[in-house]
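Position one of the sequence shown corresponds to residue 806 (the numbering used here), numbered consecutively onward.
No residue lacks a Cβ here, since even glycine has one placed at the ideal position from N, Cα and C.
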Amino acid sequence: MKALILNSGLGSRMGSLTADRPKCMTELAGETILSRQLRLLEQAGVRDIVITTGAHESALTEYCKKWENSLNIAFVHNPVYDSTNYIYSIFLARELLQDDIVLMHGDLVFEPSVLEDVVSFEGSCMAVSSAADRSTKDFKAQIRDGLVEKISVELGSEALPAQPLYRLTKQEMAGWLRKIEEFCTSSDLSLRRRYAEDALNQISAKRIFALDVGERLCAEVDDPTDLQKVSAELERISRRVVYMCFSTDMIHSGHIKMIRRAAKLGRLIAGVLSDEAVAGFKRLPLLPFSERKAMFESISGVSQAVEQNTLSYRENLERFRPDIVVHGDDWREGFQKPIREEVIRVLEGWGGKLVEFPYSHDEKYHEIELRSRAEAAMPELRRGSLKRLLSMKPQIRAIEAHSGLTGLIAENTAILQDGQARQFDAMWISSLCDSTARGKPDIELVDMTSRLRTLDDIMEVTTKPVIFDGDTGGLTEHFVYNVRTLERVGVSMVIIEDKTGLKRNSLFGTQAAQTQADIEDFCRKIAAGKAALKGRDMMICARIESLILDKGVEDALGRSLAYVEAGADAVMIHSRSSEPGQVLDFADKFRQRDKTTPIVAVPTAYSSVTEEELLSHGINIVIYANQLTRTGFPAMQSAARSILEHHRAKECDELCMPFGEIIRLIPEEY
Ligand code: SPV
Ligand code: MG
């Protein structure tokens, strides 16, 4: 691609400013118009330049020597510049224009993003502005179906103000040159004084798209008033702040392209989502915030990287008051739609604008995302992910899964609330739900091999950390083997309860005979389990059954401290009371003695307690232990009853998820 810059004009309206030099050498905002054009062309990758000259030819060619090493500049002199228009200069340069051409007048000033859009346009285009004053005496373009039909200074206000900035394909340029040649070789010499656009208008089969630059700067400098106006505009642009937010931990060429374009709009601030926000939004980031921030800081075009703590942009927008927020247009629908709407509303507060670049789905990037998901699911990464989450988030929310499909529901269910994405952070592989799904009682009857089968089904299709319900842990001699198996497959935490003998589900409480383990014995089991672990990532959590067995908070506290002493990485306090009082009391007392060991709670019986209340007492893992099972199976019972009652399935239909939706629950990975 070549650029053609038309500089043969007299520039007489500039007064003394053009007494000894062409207009393009006029300075504004610390740079001449020409040097600005050449700098931006070079940045846009255009290095072959054709400049037509007229008055002050030698001043101009001399001035251009400083680009000798960086650009390829060819000059074409129009000796009759004072009696012809630029149509004749183009005619004289025609041999050098057998290429894709970016054509501009020498007095045109535009901002970087405008040239970028013109240069990268696929096909031919002309810059127009839907935001500019339509009463202008300059060029206007008559547009139909996005194509420029006619360009003239005489069009009415239905036409859009247009600027002499074109990108023309080789074929389009050749067509225009043929017409220009007709005009300039005619015996009617007055045709050489016409606008080159008059020749262009005569081509009916042209395909030149109108490229709307909107409010961005793209203006000619005709006189000192223009000069003042455009200088002030450049000054304003140099102070313009652009904001973009990133959640990615892998930068690919798509991001770089977006950043380059955004940086052309002003000083770019890159918001980097905090680890907690990324984890709540998609998955645990592969790189921690500090590394992701450093990565963005080192990208050219990014002037500053800052933390964004929530999916909502509000806080950072109010802090930096950007003139422009840039985003791909993919967020107009779906999960992020309310975030986008909030951005527009907040920006309106100071007249800021949202600029959306077309989102291009690229198979390559999709693959990268799939690969990083797959990597996150590998045991080495997954095992430590609960510990990493605990270091990032004040509280972890886990939900029960007992099959591949319930695992996918736990993995993928997400809502947006108050500008925050809410998802489950982890999965609980419940002995109760695993047993129930198999039609068996929760008495350690489903053996470890079967439990591992369920675990594998879930882990195969998900990536989030897994907390495994280890029941009593069995015999210490068996526990040490099982712990290693769980560690090897990538489980993040196993919870064992301090019971012995035939275990019954805790929610039976004292209705069923249950024996709490001897403290020393249980401590030995914990210590043996810890010693059996190969690495430091998997956690062993001690579950205290004192409240279940009506032994009180003090008993629970004494046991929990002993278990931590024996090596437990976390403690779980269980209760079957419908009130959270005892659990909170335990947590308060435990936190007085131990500030850091995670406390797990399972608010099944005391379900009215909120996560916030639990957190305020230092409980940092909340497990919703059986809700998918307890909601799923009644629905199945109703469906079965309905079919029996009605002798057909129709009445059952409204209870059913449409088949299309059920398929959508299962992501296509390959
Ligand atoms: C489970 O989900 O299997 C549990 C929690 O152990 S509870 O059923 O409440 O005992
Ligand atoms: Mg259990």
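Cβ-Cβ distances below 7 angstroms link Ala-898 to Leu-809, Val-855, Thr-857, Val-881 in the same chain, with the five nearest sequence neighbours on each side left out; the list follows chain order. Judged by pairs of C-beta atoms under 8 angstroms, the segment 958–972 touches the segment 937–945, as three or more such pairs exist.
Bounds of the alpha helix (DSSP H) holding Met-1100 are 1094–1102. With respect to the C-alpha of Glu-1473, the residue from Phe-1101, Ala-1179, Ala-937 having the closest C-alpha is Ala-1179. The beta carbon of Ser-1297 lies closer than 8 angstroms to those of Arg-1187, Arg-1188, Gly-1189, Ser-1190, Leu-1191, Lys-1192, Ala-1231, Pro-1270, Val-1271, Ile-1272, Asp-1342, Met-1343, Met-1344 in the same chain, with the five residues before and after it left out. In the same chain as Met-1197, and ignoring 5 residues on each side of it, the C-beta atoms closer than 7 angstroms to its own belong to Asp-1080, Glu-1081, Ala-1084, in chain order. For His-861, the pairing in a beta bridge is given by DSSP as Gly-859.
Within the same chain, Cβ atoms closer than 8 angstroms to the Cβ of Leu-1420 are found at Pro-1199, Gln-1200, the five residues on either side in sequence being excluded. A direct Cα-Cα distance of roughly 8 angstroms separates Leu-833 from Val-1035. Cβ-Cβ separation between Glu-1216 and Thr-1281: approximately 33 angstroms, too far for a contact (criterion under 8 angstroms). DSSP places Phe-1014 in the uninterrupted beta strand (DSSP E) bounded by 1013–1017. Proximity to Cys-989 across Ser-894, Ala-936, Lys-1142 peaks at Ser-894, based on C-alpha coordinates.
Residue environment analysis places Ile-1349 among the buried positions, since at least 16 neighbouring C-beta atoms fall within 10 angstroms of its C-beta. Note that the C-beta distance between Ser-1208 and Asp-1262 is below 8 angstroms. For Arg-1150, the secondary structure class from DSSP, reduced to helix, strand or coil, is helix. Buried is the label assigned to Trp-981, since at least 16 other Cβ atoms lie within 10 Å of its Cβ.
Residue pairing by DSSP leaves His-1171 without any beta bridge partner. Counting other Cβ atoms within 10 Å of its Cβ, Lys-1069 reaches 16 or more and is therefore classed as buried. Look at Ser-1235: its beta carbon is less than 7 angstroms from one of the heavy atoms in ligand 2. Between Lys-975 and the set Gln-968, Pro-969, Arg-983, the nearest pair of CA atoms involves Arg-983. Within the model, the alpha-carbon separation for Phe-1313 versus His-1379 is close to 12 angstroms.
Remark: the C-beta of Ser-1079 is outside contact range of ligand 1, defined as less than 7 angstroms to any heavy atom.
The Cβ atoms of Leu-970 and Leu-1005 lie no closer than 8 angstroms to each other. Using a cutoff of 7 angstroms, the CB of Thr-1315 does not count as near ligand 1, since none of the ligand's heavy atoms is closer than that.
Counting the other CB atoms within 10 Å of its CB gives Gly-1423 a total of 16 or more, which places it among the buried residues. The three-state secondary structure of Gln-1432, taken from DSSP, is helix. Sequence-distant partners of Pro-1093 (beyond 5 residues in either direction) whose C-beta falls short of 7 angstroms from its own C-beta, in its chain, are Asp-1080.
For Ser-888 and Glu-977, the gap between their C-alpha atoms comes out near 27 angstroms.
Under a 10 Å Cβ-count criterion, Glu-921 is classified as buried, with 16 or more other Cβ atoms of the shown protein chains found around its own Cβ. Gln-1109 has Ile-1074 as its beta-bridge partners, per DSSP.
Within the segment 810–872, the runs of beta strand (DSSP E) that reach at least 3 residues and sit entirely inside it are, in chain order, 853–858. By the C-beta criterion, the segment 1249–1265 is judged not to be in contact with the segment 1309–1325, since fewer than 3 inter-stretch pairs fall below 8 angstroms. For Ile-985, there is no enclosing beta strand (DSSP E); the enclosing alpha helix (DSSP H) covers residues 975–989.
Looking only at Val-885, Ala-1203, Ser-940, Leu-839, the smallest Cα-Cα distance to Pro-1408 is reached by Ala-1203. Less than 8 angstroms divides the Cβ of Leu-973 from the Cβ of Ser-929.
The DSSP-derived three-state label of Lys-1339 is coil.
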